[in-house]
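Residues 182 to 639 in the working numbering are what the sequence shown lists, from first letter to last.
Built from N, CA and C at the ideal position, the CB exists for glycine as well.
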Amino acid sequence: MGVDVRARPLLFSCIGRGDEYEAAFELPRRLTEEVAIAAHKLTDAKIKTLTTPKRYADGAGLFLQVTRGEAGDVRRSWFVRLRLPDGRVRDMGLGTYELLSLADARVKSVALRAEAKADRDPLAARQAAKAETRIAAAKSITFKRAAEDYIRQHAHLWRNAKHVAQWSATLTDYAYPAFGSLPVSAINVPLVIKALEPIWTTKPETASRVRQRIEKILDWAKARGLREGENPARWQGNLQHALPKRDARSKGNHAALPFTEAPAFWIELNSREGVAAKALAFAILTAARTSEVLGADWREIDLEAGLWTVPGERMKAGREHRVPLSKRALGLLRELGPKAKGLVFAGPNGPLSNMAMLTLLKRMDRANVTVHGFRSTFRDWAAERTAFPREVAEAALAHAVGDATERAYRRGDALDKRAKLMSAWARYLETPPASGAVVSLKARTKMGETSPLHHPPH
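This is how it looks when you write it as structure tokens:
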């Protein structure tokens, strides 16, 4: 009389043949028991007739799930119900009937239930494997792809299409050549330095913007699970120790004229004719940005009140900015012949070009100075030669402010103080140059005359 296969482990154990025999037969015994227990209620022929959406049990924890698609088509798929040793019940999908036959589904079901009984959760293992695959795929996303996704998600928050284009252009020119094709997870400090170092001192403002943009993209990538660790583009305690020091007089690539040289420059500017010279003089007198001056419309100017109100859509921070106009600035505007509307500084064929004032500076042998740099000139003068509070000067520049005191100035209660500051600035510009200051011959011939841009101090 033969011994039932399922009894062999018990038999060997009982006769003292050792635990190794029991272990060797344990899994086959379990699989055999599963197959024996299974009622095998389903057949291929029966399955093809099942069209009512519901679950159909085959036995041994195997089920056929019948559903209907949106078009009414019948869909059949398998799942197995697993019971873990801790009592939890898990339903795990196996695939569609079209891809997994009834026989194969039974074999797969038995194997998975055996794993569950051995305290191995096959569903959790599958989910973990999928998660690892997703993470690996995510971390293989290139920096360029991450940057494009970041720009696409944030573009609607930015001021205009030009700002979006600037983001793309700077990354295309400086970041992508260095590491655009590398996984965003692989970007490190040496790579960031590789992108920034060639322009760090020659194009400082551009380099700073590129660094900030790289930093934001990498922060976003980390939040999205695309990378781990510290941000290699961070400045504080990081790149500040790795990149070369810059000229203290340079504010980014907006190279600033030292304020002590401003009066001599002002005389030279007065000797120049043309709309660009007037626009530059107005920009200096108001400490405004180039775009704000070039876009100035007569409807924004109140000559009686001595006020220029720049609408929020034209301001960097998106907030309306009121600019008190000194007598000198008002005189310049009146010379232009005020109109009811239209651009204040228009060229012969339309709006004045962004390059008009910069070209003028080059003709004046001031290629090392930028229009925006005069804002820094004004700020340095206010800090070193006046007693006006820092908050007043910052408000005059329409800078973003931080603490409660500065926010109070931004709400408008500093307008009178700012008016006094701008008048003092105009007076300083028209102060006779210090001894030894370099003034061009053309400017010197006009120093005793009243030029279109020169008025007696007030």
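Problem - Exposure of GLU422, with buried meaning 16 or more beta-carbon neighbours within 10 Å - result: First, the residue type needs correcting, since residue 422 is His and not Glu in the sequence shown. Label assigned to HIS422: exposed.
Practice task
Inspect the beta-carbon positions of ALA436 and ASN341 and report whether they are closer than 9 Å.
Solution key: no
Problem - Alpha carbon of MET496 to alpha carbon of LEU578, nearest angstrom - result: 11 Å
Exercise for the section: Could you tell me which residues DSSP puts in a beta bridge with TRP489? Expected result: ILE482, VAL504
Exercise for the section: Determine the burial state of VAL270: buried for a count of at least 16 other Cβ atoms within 10 Å of its Cβ, exposed for fewer. Expected result: exposed
Exercise for the section: Give the straight-line distance between the Cα atoms of GLY253 and ASP225, rounded to the nearest whole angstrom. Expected result: 22 Å
Practice task
Quick one: grab the DSSP three-state call for LEU524.
Solution key: strand
Exercise for the section: Taking the CB atoms as reference points, tell me whether GLY493 and HIS502 lie closer together than 9 Å. Expected result: yes
Problem - Collapsed DSSP secondary structure at PHE440 in the structure displayed - result: helix
Handout entry: For LEU420 and LEU377, the rounded distance between their alpha carbons
Key = 10 Å
Exercise for the section: Would you list the one or two residues that DSSP bridges to TYR237? Expected result: LEU245
Problem - Reduced DSSP category for GLY276 - H, G, I as helix; E, B as strand; rest coil - result: strand
Problem - Own chain, CB closer than 8 Å to ARG392, minus 5 neighbours either side, in chain order - result: VAL373, LEU377, ALA414, TRP416, LEU420
Handout entry: Beta-bridge partners of ARG323, as assigned by DSSP
Key = What sits at residue 323 in the sequence shown is Thr, not Arg. Answer by DSSP bridge pairing, in chain order: PRO364.
Exercise for the section: With DSSP as the reference, label TRP259 as helix, strand or coil. Expected result: strand
Exercise for the section: Count the CB pairs spanning the segment 402-411 and the segment 447-458 that are closer than 8 Å, and state whether there are at least three. Expected result: no
Problem - VAL474 in three-state terms, based on DSSP - result: helix
Practice task
Would you identify the three-state DSSP class for PRO379, choosing helix, strand or coil?
Solution key: helix
Handout entry: Coarse secondary structure for ARG408, derived from DSSP in three states
Key = coil
Practice task
Consider the C-beta atom of TYR278 and the heavy atoms of the ligand ATP; say whether any pair is separated by less than 8 Å.
Solution key: This structure simply doesn't include the ligand ATP, nor any ligand for that matter.
Exercise for the section: Provide the residue span of the alpha helix (DSSP H) that contains GLY499, from first to last. Expected result: That residue, GLY499, is in no alpha helix (DSSP H); it is neither H nor E in DSSP.
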